[in-house]
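Single-structure report; data block below.
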Amino acid sequence: MKPLIIISLIVISIARFSLSAEPTAANDPEEITYVANVENLTDQKVHFTGREWIPNEDGYLLGRGRGHQVTMVPPPAAGDFRVDLEMSLPSGGKKSSVTFGYDGRMILVSGESGMVLEGRFFHAADRPIETTGPVVPAGQQISLTVERTGEKVLIQINGREIYSGPCEPGTLALLGVDPMEGVVRLTTVSARGSFSKEAKEPFDNPFGMQRRIAPTVLHEIDAPAIVHPGPTNECSVVTRRDGTLEIYFATKPSSDSISVIRSKDGGLTWSEPIVAFPIPGKIYYAVMVTEAADGSLHSVFHIAGEGSGGYKGRL
338 MKPLIIISLI
348 VISIARFSLS
358 AEPTAANDPE
368 EITYVANVEN
378 LTDQKVHFTG
388 REWIPNEDGY
398 LLGRGRGHQV
408 TMVPPPAAGD
418 FRVDLEMSLP
428 SGGKKSSVTF
438 GYDGRMILVS
448 GESGMVLEGR
458 FFHAADRPIE
468 TTGPVVPAGQ
478 QISLTVERTG
488 EKVLIQINGR
498 EIYSGPCEPG
508 TLALLGVDPM
518 EGVVRLTTVS
528 ARGSFSKEAK
538 EPFDNPFGMQ
548 RRIAPTVLHE
558 IDAPAIVHPG
568 PTNECSVVTR
578 RDGTLEIYFA
588 TKPSSDSISV
598 IRSKDGGLTW
608 SEPIVAFPIP
618 GKIYYAVMVT
628 EAADGSLHSV
638 FHIAGEGSGG
648 YKGRL
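Just so you know, the sequence shown maps onto residues 338 to 652 in this note's numbering.
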C-alpha cells in the first residue's frame, strides 16, 4: 500500500506544478485610449509639439499647420500592436500625416487617393513607398487602422487594405499626427499592445528642435543623434565601408593640416586626433570628405588667402 500512496502524492505534485505554470493576465495585451470624448472634456493622453490642438464642441481635436504635432503618451512598445484612428482632413489637396518614430510617417492628401510611406519604420528610409487606395474625401471622417504583427505591418482605411509589408519590430519612439500643410480633425485614437511602463517626461522646450539624452549602447541609436562634438568648425563625418566613423577637421591653431578622429563602435568611444594630411597653405575650416566607390577618400577644403573671389575675397 505504501508505494501506491507515494505514487499518488507524485501525481498530485505534478498536477499542481502544471497549474502554476499557466500564463497570467499580466502578459495579456493592454489597451489605451489616447483621444476620445473631447466634447465631454475627457483627459487626453497626448503631448503637443508647439501650440496645443483645440478641443471642438463637435468632439474632435483640431490641429493645423506645420510644427504642431500631437503625440500619444506612451507609444506602443516592441511587439505586436494595433492602432485605430478616426479623423477627417477638411483642406482639399493638402498633405497631413501619421508619424511612426522620429523619421517615419504615412502621408495622406485630402481629396486624393493613395498615400506615401517614409522612414525606417516602413523600411523606406532611402526610397518612399507609394500606395494606391480609395480617395480620402475632404472633410469626411475616415477610420484608419495600423496593425503590426511580428515584422509586418497592415494598413487599412475604412476596412479596406491599403498596404501590407515589412516594418521594424521594436519600440516606437513616437506615435503621432502631424497636420503638415493641412488641417486635421482628430476624433479618436486608441491602441492595443504592450506599452512602456516608464513614460518619458515631455520636453522642456515646447517647440522647435528637441535634444535627446545621448545613447549609451549602439542598439539604442535609432534616429539622428550627436555622434561627437565638432573638434573645430565645419568638420565632416564619414562612415567607412567597414563601419568605422571618421571625423575630419581643420587642425587648430596651426591651420597647416587636416586631422581625423575615429570610432570603431558606432560613436560611443573615439581615438585621439592625428594628422590625416598636410595642406599647401593655411586652412580656413569648411572641410568636406567623402568615400568613393573604390574606397578612396576625397576631400575639399578652403585655403585662406587674398583674392577677388570666395568668402569676402579671403579664400
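Just so it is clear, CB atoms sit at the ideal spot from N, CA and C, and this is done for glycine as well.
Thinking C-alpha only, which one of Glu389, Thr486 and Leu399 is nearest Ala414? For the purposes of this step, residue 414 is identified with residue 77 of the sequence shown, where counting begins at 1. Sorting Glu389, Thr486 and Leu399 by C-alpha distance to the C-alpha of Ala414 places Thr486 at the top.
Glu359 versus Val383 - alpha carbon distance: Counting from one through the sequence shown, the residue named residue 359 turns up at place 22. Counting from one through the sequence shown, the residue named residue 383 turns up at place 46. Residue confidence is low: Glu359 scores 38 on pLDDT, short of 50, so the model does not pin down where it sits. No coordinate-derived value is stated.
If we count Cβ pairs, one from each stretch, closer than 8 angstroms, do we get three or more for the stretch 409-423 versus the stretch 457-469? No, because fewer than three Cβ pairs between the stretch 409-423 and the stretch 457-469 fall closer than 8 angstroms, the two stretches do not touch.
Using the Cβ count rule (16 or more neighbours within 10 Å means buried), how would you classify Arg578? Along the sequence shown, read from residue 1 onward, the residue named residue 578 stands at position 241. By the 10 Å Cβ count, Arg578 comes out exposed.
Are the stretch 420-427 and the stretch 520-533 in contact at 8 angstroms, needing three or more beta carbon pairs? By the C-beta criterion, the stretch 420-427 is judged to be in contact with the stretch 520-533, since at least 3 inter-stretch pairs fall below 8 angstroms.
Neighbourhood of Glu609 by C-beta distance below 8 angstroms, restricted to the same chain and skipping five residues each side: Position 272 of the sequence shown, counting from 1, holds the residue named residue 609. Around Glu609: Ile598.
Other residues of its chain near Glu467: CB distance less than 6 angstroms, five sequence neighbours each side excluded: Here residue 467 refers to the residue found at position 130 of the sequence shown. So the qualifying residues of the chain are Val453.
Length-filtered (4 minimum) alpha helix (DSSP H) runs lying within the stretch 417-498: At a cut-off of 4 residues, not a single continuous stretch assigned as alpha helix (DSSP H) sits fully inside the stretch 417-498.
Which residues does DSSP pair with Ile654 in a beta bridge? It is not possible to answer for residue 654, since the shown part of the chain is limited to 338 through 652.
Using the C-alpha atoms, what's the distance from Gly618 back to Arg442? Looking up residue 442 in the sequence shown gives position 105. Looking up residue 618 in the sequence shown gives position 281. The alpha-carbon separation between Arg442 and Gly618 amounts to approximately 47 angstroms.
Just grab the DSSP bridge partners of Thr370 for me. Taking the first residue of the sequence shown as position 1, residue 370 is located at position 33. In the DSSP assignment, Thr370 forms a beta bridge with Ser527.
Need the endpoints of the beta strand (DSSP E) that Val514 sits in, please. For the purposes of this step, residue 514 is taken as residue 177 along the sequence shown, with counting starting at 1. Unbroken beta strand (DSSP E) run through Val514: Leu512 to Asp515.
What is the rounded straight-line gap between the Cα of Gly451 and the Cα of Arg497? Reading the sequence shown from its first residue, position 114 is the one you call residue 451. Reading the sequence shown from its first residue, position 160 is the one you call residue 497. Gly451 and Arg497 have their alpha carbons spaced roughly 12 angstroms apart.
In whole angstroms, what is the alpha-carbon distance linking Ala641 and Asp631? In the sequence shown, residue 641 corresponds to position 304, counting from 1. In the sequence shown, residue 631 corresponds to position 294, counting from 1. If you take the alpha carbons of Ala641 and Asp631, they lie about 31 angstroms apart.
Give the DSSP bridge partners of Ser596, in chain order. Numbered from its first residue, the sequence shown carries residue 596 at position 259. Bridge partners of Ser596: Phe586 and Val612.
State buried or exposed for Lys431, treating a residue as buried only when at least 16 other CB atoms are found within 10 Å of its CB. By one-based count along the sequence shown, residue 431 stands at place 94. By the neighbour-count criterion, in which a residue is buried when 16 or more other Cβ atoms sit within 10 angstroms of its Cβ, Lys431 is buried.
Using the Cα positions of Glu684 and Val612, report the straight-line distance between them to the nearest angstrom. Because the chain spans 338 through 652 in this model, residue 684 falls outside it and cannot be assessed.
Could you name the residues of the same chain whose beta carbon sits closer than 6 angstroms to that of Ser531, not counting the 5 residues immediately before and after it, in chain order? As a first step, residue 531 is located in the sequence shown; it is residue number 194 there, counting from the start. So the qualifying residues of the chain are Ala414 and Gly416.
Whether Val490 touches Val483 by CB criterion (8 angstroms): Within the sequence shown, the letter at position 153 stands for residue 490. Within the sequence shown, the letter at position 146 stands for residue 483. In contact: Val490 and Val483 (Cβ atoms closer than 8 angstroms).
For Gly429 and Ala475, which I take to be in contact (beta-carbon distance under 8 angstroms), what is that distance rounded to the nearest angstrom? Locating residue 429 in the sequence shown gives position 92, counting from the first residue. Locating residue 475 in the sequence shown gives position 138, counting from the first residue. Contact flag correct, Cβ pair sits at about 4 angstroms.
Is the stretch 498-510 touching the stretch 388-406 in the sense that three or more CB pairs, one from each, lie closer than 8 angstroms? In short, these stretches do not touch, since the Cβ pair count stays below three.
Residues that Gly603 bridges to, as DSSP identifies them: Position 266 of the sequence shown holds residue 603. Paired residues: none, contrary to the question.
Could you give the distance in angstroms between the alpha-carbon of Ser636 and the alpha-carbon of Tyr585? Stepping through the sequence shown from its first residue, residue 636 is reached at position 299. Stepping through the sequence shown from its first residue, residue 585 is reached at position 248. In a straight line, the C-alpha of Ser636 is about 9 angstroms away from that of Tyr585.
Is the beta carbon of Val564 less than 8 angstroms from the beta carbon of Gln406? Position 227 of the sequence shown holds residue 564. Position 69 of the sequence shown holds residue 406. The beta carbons of Val564 and Gln406 sit no closer together than 8 angstroms.
Do you know whose CA, among Ser596, Leu634, Arg522 and Val575, lies nearest Glu394's CA? Position 57 of the sequence shown, counted from the first residue, corresponds to residue 394. The shortest C-alpha to C-alpha distance from Glu394 to any of Ser596, Leu634, Arg522 and Val575 is the one to Arg522.
Ignore the nearest five residues each way along the sequence and tell me which others in Ile620's own chain have a CB closer than 8 angstroms to its CB. Locating residue 620 in the sequence shown gives position 283, counting from the first residue. Same-chain partners within the cutoff: Ala587, Thr588, Ser592, Asp593, Ser594, Ile595, Phe638, His639, Ile640 and Ala641.
Please identify the residue among Pro516, Gln493, Leu605 and Pro506 whose C-alpha is closest to the C-alpha of Thr469. Mapped onto the sequence shown, residue 469 falls at position 132. Measuring from the Cα of Thr469, the nearest candidate turns out to be Gln493.
Nearest-angstrom Cα separation, counted from Val520 out to Ser480: Your numbering for residue 480 matches position 143 in the sequence shown. Your numbering for residue 520 matches position 183 in the sequence shown. Distance between the alpha carbons of Ser480 and Val520: 17 angstroms.
Status (buried if at least 16 other CB within 10 Å, exposed otherwise) for Gly438: On the sequence shown, position 101 is the one that residue 438 refers to. By the Cβ neighbour-count rule, Gly438 is buried, with 16 or more other Cβ atoms within 10 Å of its own.
If contacts are defined as beta-carbon pairs under 8 angstroms, then Ser721 and Leu426 qualify, I think. What distance do you get, rounded to the angstrom? In the structure as shown, the chain begins at 338 and stops at 652. Residue 721 is therefore absent and cannot be evaluated.
Grab me the residues of Glu571's own chain with a C-beta within less than 7 angstroms of its C-beta, minus the 5 sequence neighbours each way, in chain order. In the sequence shown, the residue the question calls residue 571 occupies position 234. So the qualifying residues of the chain are Tyr622, Ala623 and Val624.
What first and last residue would you give for the beta strand (DSSP E) that runs through Val564? Position 227 of the sequence shown, counted from the start, is the residue given in the question as residue 564. Segment: none, Val564 is in no beta strand (DSSP E) and carries neither H nor E.
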